[in-house]
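Visitor: Numbering (UniProt numbering), first residue to last: 1 to 721.
Glycine is no exception: its CB is placed at the ideal position from the N, C-alpha and C atoms.
This structure is a prediction, so every number in the text was calculated from the model and none was measured.
(1) If you drop the 5 nearest sequence neighbours on each side, which residues of the same chain put their C-beta closer than 8 Å to that of residue 17?
(2) If I measure Cβ to Cβ from residue 380 and keep anything under 7 Å in the same chain, skipping five residues before and after, which residues do I get?
(3) Using the Cα positions of residue 439 and residue 267, report the straight-line distance between them to the nearest angstrom.
(4) Please work out which residues of its chain come closer than 7 Å, Cβ to Cβ, to residue 573, disregarding the five sequence neighbours upstream and downstream, and give them in chain order.
(5) Assuming the contact rule is C-beta atoms closer than 8 Å, residue 37 and residue 23 should be a hit. Round their C-beta distance to whole Å, please.
(6) What are the boundary residues of the alpha helix (DSSP H) that includes residue 610?
(7) For residue 548, which beta-bridge partners are listed by DSSP?
(8) If distances are taken between C-alpha atoms only, which option among 230, 358, 195 and 639 comes closest to residue 185?
(9) Anyone know if the C-beta pair for residue 450 and residue 291 falls short of 7 Å?
(10) Which one of 496, 325, 107 and 298 has the shortest CA to CA distance from residue 405?
(11) Compare the beta carbon distance of residue 577 and residue 519 with 7 Å and say whether it is the shorter of the two.
(12) Between the beta-carbon of residue 259 and the beta-carbon of residue 362, is there less than 7 Å?
(13) Along the alpha helix (DSSP H) that carries residue 373, what are the first and last residues, could you check?
(14) Determine whether the beta carbon atoms of residue 432 and residue 443 lie at a separation below 7 Å.
(15) Between 279, 263 and 261, which has its C-alpha nearest residue 269's C-alpha?
(16) Using the three-state DSSP reduction, which class does residue 182 fall into: helix, strand or coil?
(17) In chain order, what residues of the same chain lie with their CB nearer than 8 Å to the CB of residue 541, ignoring the 5 residues before and after it?
(18) With which residues is residue 27 paired in a DSSP beta bridge?
(19) Could you pull out every unbroken alpha helix (DSSP H) segment of at least 4 residues lying fully inside the segment 455-532, listed in chain order?
(20) Give me whichever residues DSSP pairs with residue 765 in a beta bridge.
(21) Return the first residue and the last residue of the beta strand (DSSP E) that residue 576 is part of.
(22) Taking C-beta to C-beta, are residue 452 and residue 295 nearer than 7 Å?
(23) Inspect the beta-carbon positions of residue 88 and residue 144 and report whether they are closer than 7 Å.
(24) Hey, could you find the ends of the alpha helix (DSSP H) residue 409 is sitting in?
(25) Rounded to the nearest angstrom, what separates residue 50 and residue 165 at their Cα positions?
(26) Evaluate residue 308 with the Cβ neighbour count: other Cβ atoms within 10 Å of its Cβ, from every protein chain shown; 16 or more gives buried, anything less gives exposed.
(27) When the Cα of residue 169 is compared with those of 212, 191 and 634, which residue comes out closest?
(28) Please tell me whether residue 401 and residue 288 are closer than 7 Å, where the distance is taken between their beta carbons.
(29) Among 261, 191 and 167, whose alpha-carbon lies nearest the alpha-carbon of residue 208?
(30) Secondary structure at residue 194, three-state DSSP: helix, strand or coil?
(31) Among all the DSSP beta bridges, which residues are the ones paired with residue 21?
(32) How many angstroms separate the CA atom of residue 513 from the CA atom of residue 416?
(33) I'd like the list of long-range same chain contacts for residue 543, defined as Cβ closer than 8 Å, with 5 residues on each side in sequence excluded.
(34) Which class does residue 238 belong to by DSSP, given the choice of helix, strand or coil?
(35) Apart from the five residues just before and just after residue 202, which ones in its own chain have a Cβ nearer than 7 Å to its Cβ?
(36) So, helix, strand or coil for residue 440, using DSSP?
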C-alpha cells in the first residue's frame, strides 16, 4: 500500500530554509526541533513549521487526469472505461471495489493473478470487446494499480499538448509575423493569409515543402492566432485592439461623481442640414461621468474646434434656467428631484429643471487630438481647478465609458432619426441626402438633449450594478443620487457672465443692420452706440467680439471692452435673431418645406452659377440682336434698291389683320339664361367635356354657334337663339 503523502515520519528530517531539523518532541501545537547543523533546539508552532517546510505540497497530476477522464472523454471511450473497470479490478484485487464479496474463481486467497488473468480473458472472449486479450488485460491491471482508474483510458485522449507542438517552430514564427503585419493593412481573407504564408515558406525553404501541413490545419492554427484580433474582420476594430495595452491592467474605479470625466467625439450616422441648407454628417461630443455614467453635457456641431469644448464645459457647469437667452422646454412632472435642488426655495424651484445632475469634474480623461489641446479649453479647465489627462494614442480602452456611450447613442437614438445612413455603406439607404424631411443640426442638438435627460440618465445599465447582487442594475440618475454624499460638498451653477465667457466667439463688424453670423442677422437697440465704431482691439482689426451658442442660434452676445467712452464697458449685450419671429407666422413651416422641395427639383439658379449664366445670356442675346440688326439692314438695303429700280416690294408671307375690338367685346356683360347644376346630367355631358361633339344635339347651345365655331364646354353664346 502506498504511503500517505501527508503522513510525517518523525524519524525523517524536516528541511526548512536549507537546514535539516529533527523532531525531538511535541506538546500541544508546539514542536521541539533539533538543528542538525548547529545542535540547537528550536521551538515552533505546528502551523509555522508546515508553512516553512512546505510539507503539504502534494503532486496532483493523478487528480487532474481523473478529472479529465471523467469530464472530457468522448462518450464511446467513457462507456468502454466504465465497462472494463470492474473486470480489471476483479483481476487486480479479486473483486470490484464496489462489490461486497469475492467470487470463488477470483478469490486472492485461493488464486494467483495469472490464474485470474486467464479466467478473465476466457470470460470476455465471447463478448468480442477490443483490447481484452490476456496481454492487454495484464497491461490494464498494471496501469490500474499505478494510476487508479485513469490507467484504463487511452493516454492519447487526455494528453495535454500545445496547439502548435505538431508544426515546425519556424512555420509558427512565420504565421505570427504575418498576422502582426496585418495591423495597418487592408483586411485580408483567411485564404489570402494561407496563400501568402505558404508562398513565403516556399521562398525561404524550397527543399522542405513537405513540412507544410494541410490547408485545413493551417486554417485551424490561424484561427487560434487571430482569435479576438479582427485580422479578417473590421480594420478599425483591429487597429484599436492592437493599440490597446497588453497584459494585466489595473482598473481605475471612480467612487464619487466628478472624480473622472471622459470626453470624446464621433461622427453620427445621420444626415442633417446646416445653416446653408446643405446636408452633412454632424460630429457629437460628450462628457460622461465615470462613477455615475451620467452625461452632463453633449453638443452637435459641423466638425469640432477647441473653442467648442469650452462651450461643452459651460453646459456642464450650468443648468438651462441659469443660462442667458431662450431656454429649452422641460416637464418637471416627468423628472425626479436632484440633490442640488434642495438648496433652492420653492419659488426658485418653480420652472427649474431639477432632473439634471450638476457634476463638477475633478479630472477629464480626453483624446490627444489637437482640438483637445487648445489653449482656450485648457485655460478654462485651469480656471475651475480641473486636471486634464491625455489618453494613449489610438487607445479607446483608456476611456471605455464614453466610447460605449457613443455606441448606445448610435444604436438607440440615431437610428430613429430621419436621414439615418445605416452605419456602413452596405446598410446605407438610397439618396439619403436628398430627403425632404432632414432636420437641422440645431433641431438634432435639441432632441439629443431631451433624449439624454429623459432616456439615458434614467436607463438602467449593466455597468452600474449592486456589488452584493450583480444581477441588480441601476440607472445613472439613481447612482448619482446614491453617490452625491461622497463628493463632500455641493456645487452651484456658474452665472450668466461666466457662461457667456466660455462660449465660442467670433470677430464681427457692428454695422447699420446689426451683426451677421452664419447667414443670420442679430441686432438690439443696446448696440446703437457701437454701430460703425471700432472696438479698439487692433489684433482683431477693430472688430467686436461676439459670443454664440453652437446649438442655439436664437441669440448672440456682443462683448464691450473695458475702454473709456463705452457706456456698457465690460458687459455683454444680448442680441436676438432678427428674423426669429417669422417662425410664428401662419403656414411658415409649410412654405419653407414647399420652397425646399422646389429648390431640390432644380427650379432655381445657384448663386455660384449666377455670373457664368449671366455672361452667357448677355453675350448670346447681344450676338442674336446684332445678327437681327444686320439682317434688318440688309432687308432695308434690298427694299431701297428695289424702289430705285422700279420694282414693287415683296408681299409678306403672313398677314395678320387687326381684329375688330367692338365685335370681340360685344355682349360680354350679358350672361344670358342658364340652368341650375344637375349632377346626374354630368354623365350625359361627358363627351362634350372631352372635346367630342359628334353625339351632341344639333341645336345645343354648347356645341354650335352662329358662325359654325365650337365654344368651350359650359359657355353659352349670348347671340344664340
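Guide: In brief:
(1) Taken in chain order, the residues that qualify are 52.
(2) Cβ within range, chain order: 310, 313 and 502.
(3) So the two alpha carbons sit approximately 16 Å from each other.
(4) So the qualifying residues of the chain are 524, 526, 527, 557, 558 and 560.
(5) No, residue 37 and residue 23 are not in contact; Cβ-Cβ is about 16 Å, not under 8 Å.
(6) First-last of the alpha helix (DSSP H) with residue 610: 610-644.
(7) DSSP output for residue 548 lists 556 as bridge partner(s).
(8) From the listed residues 230, 358, 195 and 639, the smallest Cα separation to residue 185 is found for 230.
(9) It is not a contact, given that the beta carbons lie outside the stated cut-off.
(10) Comparing alpha-carbon positions, the option among 496, 325, 107 and 298 lying closest to residue 405 turns out to be 298.
(11) Not in contact: residue 577 and residue 519 (Cβ atoms no closer than 7 Å).
(12) When the beta-carbon positions are compared, residue 259 and residue 362 come within less than 7 Å of each other.
(13) It is not in any alpha helix (DSSP H) - residue 373 carries neither H nor E in the DSSP assignment.
(14) No, these two residues do not count as a Cβ contact at 7 Å.
(15) The shortest C-alpha to C-alpha distance from residue 269 to any of 279, 263 and 261 is the one to 279.
(16) Three-state result, residue 182: coil.
(17) For residue 541, where only same-chain residues beyond five positions count, the Cβ hits under 8 Å are 507.
(18) DSSP output for residue 27 lists 30 as bridge partner(s).
(19) Inside the segment 455-532, DSSP marks whole alpha helix (DSSP H) runs of 4 or more residues at positions 476-483 and 496-502, from first to last along the chain.
(20) One cannot answer for residue 765 here, as it falls past the ends of the chain, which runs 1 to 721.
(21) Residue 576 -> beta strand (DSSP E) spans 572-576.
(22) Between residue 452 and residue 295, the C-beta gap is smaller than 7 Å, which places the two residues in contact.
(23) Contact flag set, yes.
(24) Taken as a continuous stretch (DSSP letters only), the alpha helix (DSSP H) holding residue 409 covers 400-412.
(25) Taking C-alpha positions only, residue 50 is separated from residue 165 by approximately 39 Å.
(26) With 16 or more Cβ atoms within 10 Å of its Cβ, residue 308 is classed as buried.
(27) Comparing Cα positions, the closest option is 212.
(28) Against a cut-off of 7 Å, the Cβ pair of residue 288 and residue 401 comes out as a contact.
(29) Of all alpha-carbon atoms in 261, 191 and 167, the one lying nearest the alpha-carbon of residue 208 is that of 167.
(30) Residue 194 falls in the helix class under three-state DSSP.
(31) Answer is 14 and 35, bridged to residue 21.
(32) Going from the Cα of residue 513 to the Cα of residue 416 covers about 41 Å.
(33) 507, 508, 509, 535 and 537.
(34) Helix, per DSSP.
(35) Excluding sequence neighbours, residue 202 sits near 209.
(36) Under the three-state reduction of DSSP output, residue 440 falls in the strand class.
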